[in-house]
Amino acid sequence: MATATYARSIAGVTGISASRKITNISMLAFTGLATLLCVGVLFFILGYLLWNGGRSLSLNFFTQLPKPTGETGGGMANAIVGSGKILLLATIIGVPIGFLAGVYLSEYSNKTFAFILKYVVDLLNGVPSIVIGIVAYALVVQPMKHFSTLAGGIALGIMMIPIAVRTTEEFLRSVPNNLREGAMALGATKARTIFSVVVPAAIAGLTSGMMLNLARVAGETAPLIFTAFGNQFWSKGWLQPTAALPVMIYQYAISPYDDQHQQAWAAGFVLLALVLTINVTARLIISRGASSARR
Amino acid sequence: MATPQQQQLTGEALANPPVPMAHQTSMAVSSKLQANHVNFYYGAFQALKDITMGIRTNKVTAFIGPSGCGKSTFLRTFNRMNETIRNTHVEGELLLDGENLLEMDVTGVRRRVGMVFQKSNPFPKTIFDNVAYGLRVNGMTKRSYVQEMVEKSLQRAALWTEVKDKLNKPASALSGGQQQRLCIARALAIEPEVLLLDEPCSALDPIATLKIEELLFQIKDITTIVIVTHNMQQAARVADQTGFFFMGSLIEFDDTKVIFQNPTKKETEDYVTGRFG
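Residue numbers (our numbering), protein chains in the order written: chain A, 1 to 295; chain B, 1 to 277.
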C-alpha cells in the first residue's frame, strides 16, 4: 500500500505542480488587479476633479455669489460659508453628545448594557442619511415652518453621534487601566480621574477621530436637501435657509447649463480638497500622538 | 480628626493611667493598620481566607509568597483599590488608626494610604504635574505650597537632582527606574500615613532596585511602609516584619529575621529555602 501511495504521488507531481503554479500566478494577478482598480478609482476621481474642477476654479468662486441662471461667472461664497456654519453646528451638537455617551460606555456601564448600547449605536450608524434628513425635517423644519441652517446642522450632528460614541469608547478603552488606578489611589474621584488623566491620555486619538467624523459628514447631501434647503444669496441667519456645497453640486450638476456644470465641478473639487485636508491632518495627529505615547 | 469615641478614650487614659490602659494605648500606636478576620471574594472565588494581622507604625512590612497567593489582593484592601474591580466583596474588619476604614470616605482613605504599583504609571503630564496631581485633586492648589511639596517629594524619592532642570518635560521621557521613583514621589506628595508598594521593583534592573530600597529606608521615618515582593532577598533586606502568604491564607507573620532564619511553619521554611514556589 505504501508503494502504491508513493507511485501515485510521483505520477501526480508534475500535474499538480503545474496547476498549482497556475492558481498561484492567477491569484496574484487577480488580487493585484483588484488593488490596482481600488487605487485607480481614487486617482481617477482625483485627476478628473482636478482637470474639470481646477479649470473652472477662480478667485471669484470663493468671493462671489452665484449668478442668476443663464448668466456666466459668479461663485459659491455663500455655499462655502453655509457649509462651514452647518458643519460647525453639527460638531457642536454631535461631538459632545457622542463623546459623553462614549465616556459612559467605556468607563461606567456594565457589560450587558454596554453591549446593548453599542448595538443601538451601530444601528443608528446604519440609518440611511436621507432618513435622518426626514427626522430633522419633522423635528425642526415643520414646527418652525421654514428651512434653516440649524435644521441642517442638527441633521448632520445626529449623523456624527454614532461614530463619535464609538471613537471615544475605543480610544478610552485603549488607555491602560493602571493610569486609572494610579489617579484613584491618590484620592481622585472617578470623574476627576476620567477627565484629568484618561481623556488627556487619549486626546490625540479623540481629536483625530472627531475630525475624520467631520470629514465623513462634510460631503452629505441628502439630509441637507430638505433641511438647509439651499439659497442663491447670503443666508439671513442661523434660522434661515442656507446654501451648502454638496447641495449646490447636486443642483448645478442636474441643471441644463454648461456654465453651472463647470461650477459644480469646481465645488466638487473644493469639497474634496477640504475633506482630504481634514483627513490628512487627523492622521498626522494620530501618528504624532502614537509616537509621543511610545516615547 | 479623632472620633468622639477616641477622644473619650484619650480622656480616660489621661485621667487614670494604670497598666491595662497603657497597654491599650501602645497597641493603638504601634498598629497603624489592623486586619481582623478578613475574607475577600472575586465573584464566588475566595482569594483571602480569614486574615488577621497588625501592621506597625513607621516600620517596613513585607508580604511574600508564590504568585496568586493573595498578597497583592490583601495589600489592596488597605486602600480599598479592590472596589474598582466589579463583582468583588470584602468581609471582616479593616482598621486605620483604630478606625474602620471600610466606613470612611474612600477618597479620604486613599489620601491617607498611598500606593505605588508594579508597573510604573506616570500620567501623560509633565514631571511637575505628575507629582502635583495628588495635591491638586485633594484641594491643595496654592502655588507656593504645591511647588514646595513637589520639590520635597522629589528629594525624598531621590529623584530631585536628576529632574530639577526638566520639571516641565513629559514624565514619559524618564527611564523606567526614574519613572517608578516619580510614582513614589507622587504618592509621597500628599504625605500619606501609609505607603503600599505592590512589587515596585519587579520591572527594574538591580541598580534601580537598589535605589528604591535605599529610599524606602529614608522615608520609613515619615510613613508606614507595606511592600509586596516576589524577591525574598529584597524582603530580607528592607523589611522589619514579614508575612508569608499561601493559597489565600496568612501562614506566618513575624519579625523578618525569624521568618528567614527560624520559621515555625514548615510551608514557610520550604518557601524561604526555595524548596517550593
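Each residue gets a CB set at the ideal place from its N, CA and C atoms; glycine is no exception. Fair warning: this is a prediction, and the values are worked out from it, not measured in the lab.
From the options, pick the residue whose C-alpha is nearest to that of residue i; which is it?
i, options, result
"His37 of chain B", "B:Asp255, B:Asn262, B:Lys257, B:Leu250", "B:Leu250"
"Ala264 of chain A", "A:Gly157, A:Trp51, A:Thr35", "A:Trp51"
"Lys67 of chain A", "A:Phe233, A:Val95, A:Leu172, A:Val175", "A:Phe233"
"Gly177 of chain B", "B:Pro122, B:Tyr42, B:Thr88, B:Phe244", "B:Pro122"
"Thr242 of chain A", "A:Thr227, A:Ile249, A:Pro256", "A:Thr227"
"Ser196 of chain A", "A:Ser208, A:Asp258, A:Gly182, A:Gly209", "A:Gly182"
"Asn285 of chain A", "A:Pro223, A:Thr207, A:Gly237", "Reading the sequence as shown, one finds Ile at residue 285 of chain A and not Asn. The candidate whose alpha carbon is nearest that of Ile285 of chain A is A:Thr207."
"His146 of chain A", "A:Gly94, A:Val39, A:Thr72, A:Trp238", "A:Trp238"
"Lys125 of chain B", "A:Gly209, A:Ala201, A:Ser255, A:Val165", "A:Ala201"
"Ile222 of chain B", "B:Ala203, B:Thr209, B:Leu195, B:Arg237", "B:Leu195"
"Pro128 of chain A", "A:Thr167, A:Gln64, A:Pro162, A:Glu170", "A:Pro162"
"Glu170 of chain A", "A:Gly209, A:Thr72, A:Ile86, A:Ser19", "A:Gly209"
"Tyr271 of chain B", "B:Gln233, B:Arg111, B:Arg237", "B:Gln233"
"Asn39 of chain B", "B:Tyr133, B:Met247, B:Val258", "B:Met247"
"Val175 of chain A", "A:Lys190, A:Gly153, A:Ile203", "A:Ile203"
"Thr161 of chain B", "B:Glu151, B:Pro170, B:Lys169", "B:Glu151"
"Ala185 of chain A", "B:Thr268, B:Leu210, B:Ala235, B:Gly134", "B:Gly134"
"Tyr41 of chain B", "B:Pro192, B:Ser175, B:Lys119, B:Arg76", "B:Arg76"
"Leu204 of chain B", "B:Val258, B:Asn231, B:Pro192, B:Arg86", "B:Asn231"
"Val140 of chain A", "A:Cys38, A:Pro256, A:Gln240", "A:Gln240"
"Thr167 of chain A", "A:Asn177, A:Gly126, A:Asn178, A:Val121", "A:Val121"
"Asn87 of chain B", "A:Ile80, A:Glu220, A:Lys111", "A:Lys111"
What is the rounded straight-line gap between the Cα of residue i and the Cα of residue j?
i, j, result
"Arg136 of chain B", "Val146 of chain B", "8 angstroms"
"Arg181 of chain B", "Val198 of chain A", "22 angstroms"
"Gly108 of chain B", "Gly187 of chain A", "7 angstroms"
"Leu150 of chain A", "Ala218 of chain A", "15 angstroms"
"Leu95 of chain B", "Glu107 of chain A", "30 angstroms"
"Leu167 of chain B", "Gly133 of chain A", "52 angstroms"
"Tyr137 of chain A", "Met159 of chain A", "14 angstroms"
"Met140 of chain B", "Asn130 of chain B", "14 angstroms"
"Ala189 of chain B", "Leu172 of chain A", "27 angstroms"
"Gln46 of chain B", "Met53 of chain B", "18 angstroms"
"Leu33 of chain A", "Phe229 of chain A", "42 angstroms"
"Phe82 of chain B", "Asn78 of chain A", "What sits at residue 82 of chain B in the sequence shown is Asn, not Phe. Rounded to the nearest angstrom, the two C-alpha atoms are 58 angstroms apart."
"Val238 of chain B", "Val106 of chain B", "29 angstroms"
"Lys190 of chain A", "Val103 of chain A", "12 angstroms"
"Val280 of chain A", "Val113 of chain B", "47 angstroms"
"Ala132 of chain B", "Leu154 of chain B", "11 angstroms"
"Ala282 of chain A", "Thr91 of chain A", "15 angstroms"
"Ile130 of chain A", "Arg216 of chain A", "15 angstroms"
"Asn24 of chain A", "Phe43 of chain A", "28 angstroms"
"Leu210 of chain B", "Lys220 of chain B", "16 angstroms"
"Ala101 of chain A", "Lys32 of chain B", "43 angstroms"
"Thr229 of chain B", "Gly126 of chain A", "52 angstroms"
"Leu101 of chain B", "Val226 of chain B", "17 angstroms"
Decide if residue i is buried, meaning its Cβ has at least 16 other Cβ atoms within 10 Å, or exposed.
i, result
"Pro200 of chain B", "buried"
"Met27 of chain A", "exposed"
"Glu252 of chain B", "buried"
"Arg156 of chain B", "buried"
"Ala185 of chain B", "buried"
"Gly274 of chain B", "exposed"
"Phe113 of chain A", "exposed"
"Val60 of chain B", "buried"
"Met211 of chain A", "buried"
"Met149 of chain B", "buried"
"Asn231 of chain A", "buried"
"Gln120 of chain B", "Reading the sequence as shown, one finds Ser at residue 120 of chain B and not Gln. It counts as buried."
Checking 8 angstroms against the spacing of the C-beta atoms, do residue i and residue j come in under that value?
i, j, result
"Phe61 of chain A", "Met76 of chain A", "yes"
"Thr224 of chain B", "Asn58 of chain B", "yes"
"Phe245 of chain B", "Lys71 of chain B", "yes"
"Thr264 of chain B", "Thr242 of chain B", "no"
"Ser56 of chain A", "Gln262 of chain A", "yes"
"Gly92 of chain B", "Ala35 of chain B", "yes"
"Ala173 of chain B", "Leu215 of chain B", "no"
"Ile207 of chain B", "Val163 of chain B", "no"
"Gly74 of chain A", "Gln64 of chain A", "yes"
"Leu272 of chain A", "Pro246 of chain A", "no"
"Ile93 of chain A", "Gly40 of chain A", "no"
"Met115 of chain B", "Ala62 of chain B", "no"
"Leu88 of chain A", "Leu156 of chain A", "no"
Just to make sure I have the definition right: I need the residues of chain C whose C-beta is within less than 9 angstroms of the C-beta of residue i. Which are they?
i, result
"Val197 of chain A", "Checking the listed chains, one finds no chain C in this structure; the protein chains it contains are A and B."
ask   = Which ranges does the alpha helix (DSSP H) cover as unbroken runs of at least 4 residues, wholly within the stretch 178–242 of chain B, from first to last along the chain?
value = 206–219, 232–238
ask   = Quick one: complete beta strand (DSSP E) runs, 3+ long, within the stretch 72–117 of chain B?
value = 88–96, 113–116
inquiry  = Report the start-end ranges of each alpha helix (DSSP H) in the stretch 99–159 of chain A that is 4 residues or longer and not cut off at the edges.
reply    = 111–126, 129–136
key: Length-filtered (3 minimum) beta strand (DSSP E) runs lying within the stretch 208–275 of chain A   = The stretch 208–275 of chain A contains no whole beta strand (DSSP E) run of 3 or more residues.
ask   = In chain order, which continuous runs of the alpha helix (DSSP H) of length 4 or greater are located wholly inside the stretch 53–92 of chain A?
value = 59–63
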